[in-house]
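A quick write-up on the structure given underneath.
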Ligand code: NAP
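Residue numbers (the numbering used here): 85 to 413.
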């Protein structure tokens, strides 16, 4: 029988990679997002694919129960991936009400599945931010200690998913994903801010790069690897929650130094620490232990930190009209 996936937040970084992954695996995919412009860009991105007709992309709001109910009953999905969110943690301190996308959105999808598609499998985009200040390395057993409105909303949704699995018998799984990046990452995120900022400096459009806390430690992987983990998790007989991480953490300063080194520039001459960009509270060290995912799902990241940053930098250099071969050392 053919498989149909429904993806919320399809026009974001992960949604776009997941869409391509599922098309490669012969799915029919219905994706929706609130951002019409990003959906139009995604449509252009996949239009050359011979299988593009198996994708249907729509503007819809996951916080609207009627939208979600209609999508569920019209598409009768076999798998549902809930990726919609305002995903920038820093912004959630200023605009905590935006986190309703995570709380209400998740509830809308779970309730619609319970009522209209109880056999559908459900994936929830949980986050390592739920661990907050918990000691590293974090595993599935680490107690949660969220320190941002975003992380509190993700934790509410995470518990809701577990409850719908245990109480209502839904085949639901949450992926506790650590940071994952790519050239498709939006520019406010620090990895992309760094690679885009370097390209601007090299092309003469900027003279400095302003960053917040250089000492925050994060565990960074490639989004392409992480969407594969989502699919593996959901296609296991007994859905369960998994930490997905590279197992290596580095500071923001280390990332900046590595990326500046790639173009032969001394990062200390260009990076300025800007107090206004420091968050009210930042988890000091997020570093995951994904041994359970490796044992149960056979999942391991394939893209190294170095390859990830190099790919992102090359894409930004090209977007600035530069040939990476001419610029990189
Ligand atoms: P993203 O690029 O921000 O994608 C999320 C998408 O959801 C955006 O296109 C966003 O549109 C859309 N959206 C916002 N409100 C919506 C609504 N009411 N209805 C429908 N769509 C809506 O995030 P991502 O990096 O792909 O991450 C995917 C999911 O994984 C998110 O839930 C994120 O919180 C979670 N996560 C990500 C990471 C990571 O490192 N990338 C780690 C752990 C968990 P706008 O751009 O207009 O807001």
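We treat Cβ as the ideally placed atom computed from N, Cα and C, and that holds for glycine.
Source: prediction; values computed, not measured.
Counted as a single uninterrupted DSSP element, the beta strand (DSSP E) harbouring residue 209 occupies residues 205-211. Proximity to the ligand NAP was defined by a C-beta distance below 5 Å to any of its heavy atoms, and the residues meeting it, in sequence along the chain, are 93, 95, 96, 97, 98, 117, 118, 119, 145, 146, 147, 167, 168, 169, 171, 185, 209, 211, 261, 263, 264.
Judged by DSSP secondary structure, residue 342 falls outside any beta strand (DSSP E) and instead within the alpha helix (DSSP H) spanning 336-346. Between the beta-carbon of residue 101 and that of residue 224 there is about 24 Å, and that puts the pair past the 8 Å contact cut. The C-alpha of residue 278 is placed about 14 Å away from the C-alpha of residue 404. For residue 222, the number of other beta carbons within 10 angstroms of its own is at least 16, and it is reported as buried. Leaving aside the five residues that flank residue 200 on each side, the residues in its chain whose CB is nearer than 7 Å to its CB run, in chain order, 153, 156, 157.
Two segments are said to touch when three or more pairs of C-beta atoms, one from each, lie closer than 8 Å; by this definition the region 344-363 does not touch the region 191-200.
If you ignore the 5 residues before and after residue 318, its C-beta comes within less than 7 Å of the C-beta of 163, 205, 207, 257, all in its own chain and listed in chain order. In the three-state reduction of the DSSP assignment, residue 105 falls in the helix class. Residue state for residue 117 is assigned as strand, using DSSP reduced to three classes.
The shortest C-alpha to C-alpha distance from residue 384 to any of 286, 167, 114, 373 is the one to 373.
Sequence-distant partners of residue 364 (beyond 5 residues in either direction) whose C-beta falls short of 7 Å from its own C-beta, in its chain, are 177.
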